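Asks: One structure is given below, represented as structure tokens, and several questions about it will come after.
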Amino acid sequence: MLSPEYIQYRGLLLPPMAHNAESLEYAQNFSVEDTDVFVVTYPKSGTIWMQEILPLVLNGGDLTPIQTIANWDRVPWLEEKRLAELADKLTSPRALVTHFPYSLMPPSFHSSKAKVIYVMRNPKDILVSSYYFHQMATFLEDPGTFDEFLEKFLEGRVMFGKWTDHVKSWKRAELGDRIMFITYEEMVQDLPAALRRMSDFLCCNLSDDAIQKIAKHCSFNSMKANRMSNFSLVPKEYMESDKSPFLRKGISGDWKNHFNAEQLARFTSVLSKELEGESFSLPWSLD
Ligand code: PPS
Numbered sequence: 000m001l002s003p004e005y006i007q008y009r010g011l012l013l014p015p016m017a018h019n020a021e022s023l024e025y026a027q028n029f030s031v032e033d034t035d036v037f038v039v040t041y042p043k044s045g046t047i048w049m050q051e052i053l054p055l056v057l058n059g060g061d062l063t064p065i066q067t068i069a070n071w072d073r074v075p076w077l078e079e080k081r082l083a084e085l086a087d088k089l090t091s092p093r094a095l096v097t098h099f100p101y102s103l104m105p106p107s108f109h110s111s112k113a114k115v116i117y118v119m120r121n122p123k124d125i126l127v128s129s130y131y132f133h134q135m136a137t138f139l140e141d142p143g144t145f146d147e148f149l150e151k152f153l154e155g156r157v158m159f160g161k162w163t164d165h166v167k168s169w170k171r172a173e174l175g176d177r178i179m180f181i182t183y184e185e186m187v188q189d190l191p192a193a194l195r196r197m198s199d200f201l202c203c204n205l206s207d208d209a210i211q212k213i214a215k216h217c218s219f220n221s222m223k224a225n226r227m228s229n230f231s232l233v234p235k236e237y238m239e240s241d242k243s244p245f246l247r248k249g250i251s252g253d254w255k256n257h258f259n260a261e262q263l264a265r266f267t268s269v270l271s272k273e274l275e276g277e278s279f280s281l282p283w284s285l286d
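Note that the sequence shown covers residues 0 to 286 in numbering that gives the first Met the number 0.
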């Protein structure tokens with residue numbers, strides 16, 4: 000049964016607080032420009048981190064966007080209601096984020112030269128991050144116990160569906176040099192190196208000083224202290240940050256503190272089966 004908290008769109012569950020029929024139609028009719036850059040993520044993979052990073056990479060390290068514009072308006076979601084209000088104010092090169100699988104990208108994306116940075120994260124850490132997010136976000140379904148939420152996640156009864164479907168859709172997409180894959184773990188381990196890869200991909204030619212400056216201002220602690228990025232501007236009726244902050248831990252491997260042996264075996268078995276025969280390999284082991 001469809002949870003009352005969600006709407007259904009082409010087989011995906013979406014929270015109606017941010018999405019409706021008009022926003023989804025707007026996304027489909029959105030006119031993508033050749034200079035646009037899309038950050039694509041399955042939820043909880045590092046979206047808001049990229050909302051911090053991308054404007055600075057594109058503008059050479061000028062901190063104005065992260066100091067003056069809330070992250071959701073700075074780099075808006077393609078599928079969300081806010082975009083219609085913001086689209087005309089965005090300046091080229093436009094930075095956007097989306098949780099859409101490849102099949103839901105608008106027709107104009109396919110005929111454009113727009114670039115994509117696809118951020119992947121270890122799905123076990125995504126599950127943990129999402130579990131806490133469901134506890135604090137009042138517009139999402141109550142996650143139940145960790146065990147119950149794990150089942151929902153594996154069955155794709157969560158917003159934006161199954162993680163494996165999302166990853167497969169983008170990994171199979173034939174976008175050549177228009178797409179770059181990066182992992183959350185790479186970013187945690189060496190943010191300056193990750194920024195250098197992004198700068199090269201986007202032909203931004205950033206100096207080492209600019210890279211260091213961006214890395215400093217996009218660290219977990221800097222973002223936590225930045226009211227334009229830490230969601231403290233969101234009313235409590237939508238996000239109960241005292242239950243769990245949006246910027247929660249910002250580490251890789253927190254799944255080890257949450258999975259028991261049985262849950263790990265179940266998770267590994269389902270994901271391995273769903274990824275069997277794929278031509279790509281994952282950068283982390285599933286078990
Ligand atoms: S959402 O709801 O889909 O937009 O969430 P998303 O932004 O994709 O993911 C939230 C997780 O990203 C972590 N995060 C960071 N980690 C390290 N460094 C920085 N700077 C950073 N910014 C955001 C955030 O803490 C969430 O992960 P968890 O594991 O819950 O801490």
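Beta carbons: idealized from backbone N, C-alpha and C, even for Gly. Owing to the predicted nature of the structure, the values given are computational and were not obtained by experimental measurement.
Rounded to a whole number of angstroms, what is the C-alpha to C-alpha distance between L285 and S271?
Replies: Distance between the alpha carbons of L285 and S271: 8 Å.
Asks: Would you identify the three-state DSSP class for W76, choosing helix, strand or coil?
Replies: The answer is strand: DSSP assigns W76 an E or B state.
Asks: Could you please give the first and the last residue of the uninterrupted alpha helix (DSSP H) stretch that includes L53?
Replies: First-last of the alpha helix (DSSP H) with L53: 46-58.
Asks: Buried or exposed: K151, going by 16 or more other Cβ atoms within 10 Å of its Cβ?
Replies: K151 is buried by the Cβ-count criterion.
Asks: Starting from the Cα of N225, find the closest Cα among A69, F180, K167 and give me that residue.
Replies: N225 has its Cα closest to that of A69, out of A69, F180, K167.
Asks: In terms of residue numbering, what span does the alpha helix (DSSP H) encompassing A94 cover?
Replies: Looking at the DSSP string, A94 is not in any alpha helix (DSSP H); the run it does join, the beta strand (DSSP E), is 94-97.
Asks: Put M0 into one of helix, strand or coil per three-state DSSP.
Replies: Because M0 carries a pLDDT of 41, less than 50, the predicted location of this residue cannot be relied on, and no value is offered for it.
Asks: Quick check: what's the CA-CA separation for R195 versus S30?
Replies: The straight-line gap from Cα to Cα measures roughly 29 Å.
Asks: Would a C-beta distance cut-off of 8 Å place M227 and Q66 closer than the cut-off?
Replies: Their beta carbons are under 8 Å apart, which means M227 touches Q66 by this criterion.
Asks: Report yes if the CB atom of F279 is closer than 8 Å to the CB atom of K170, and no otherwise.
Replies: Yes; because the gap between Cβ atoms is below 8 Å, this pair is in contact.
Asks: Assign Y8 to one of three DSSP states: helix, strand, or coil.
Replies: It is a strand residue.
Asks: Buried or exposed: where does T144 fall if 16 or more other Cβ atoms within 10 Å of its Cβ makes it buried?
Replies: With fewer than 16 Cβ atoms within 10 Å of its Cβ, T144 is classed as exposed.
Asks: Under a Cβ-count criterion, where at least 16 other Cβ atoms within 10 Å of its own Cβ denotes burial, should P191 be classed as buried or exposed?
Replies: Classification for P191: exposed.
Asks: L85 and D72 - do their beta-carbons sit closer together than 8 Å?
Replies: Yes, Cβ-Cβ distance for D72 and L85 is below 8 Å.
Asks: Would you call C202 buried or exposed, if buried means 16 or more other Cβ atoms sit within 10 Å of its Cβ?
Replies: Classification of C202: exposed, given that the 10 Å Cβ count is below 16.
Asks: Identify whether L123 lies in helix, strand or coil by the three-state DSSP scheme.
Replies: A small fix is needed here, since residue 123 is Lys in this sequence, not Leu. Correct three-state label for K123: helix.
Asks: Based on the DSSP output, what are the partners of L13 in its beta bridges?
Replies: DSSP, once it has assigned bridges, lists I6 as partnering L13.
Asks: Would Y25 pass as a contact of P14 if the rule is Cβ separation under 8 Å?
Replies: No, Cβ-Cβ distance for Y25 and P14 is not below 8 Å.
Asks: Terminal residues of the continuous beta strand (DSSP E) containing M179?
Replies: That run of the beta strand (DSSP E) goes 178-182.
Asks: Closer than 7 Å to a non-hydrogen atom of ligand 1 - does that hold for the CB of P42?
Replies: Answer for P42: yes, Cβ within range of ligand 1.
Asks: Taking the alpha-carbon of F108 as reference, which of I52, R120, L95 has the nearest alpha-carbon?
Replies: Comparing Cα-Cα distances from F108 to each of I52, R120, L95, the minimum goes to L95.
Asks: Quick one, which of P64, S243, K242, E185 has its alpha-carbon nearest L89's?
Replies: It is P64.
Asks: In terms of DSSP beta bridges, what is M158 paired with?
Replies: According to DSSP, M158 bridges with L12.
Asks: Given that a residue counts as buried once 16 or more other Cβ atoms are within 10 Å of its Cβ, and exposed if not, what is F138?
Replies: Counting Cβ neighbours within 10 Å, F138 comes out exposed, since fewer than 16 surround it.
Asks: Span of the beta strand (DSSP E) holding T40?
Replies: Residues 36-40.
Asks: Should L12 go down as buried or exposed, given a rule of 16 or more other Cβ atoms within 10 Å for buried?
Replies: The residue in question, L12, is buried, as its Cβ has 16 or more Cβ neighbours within 10 Å.
Asks: Are the stretch 258-275 and the stretch 155-174 touching by the rule of at least three beta carbon pairs closer than 8 Å?
Replies: The stretch 258-275 vs the stretch 155-174: in contact.
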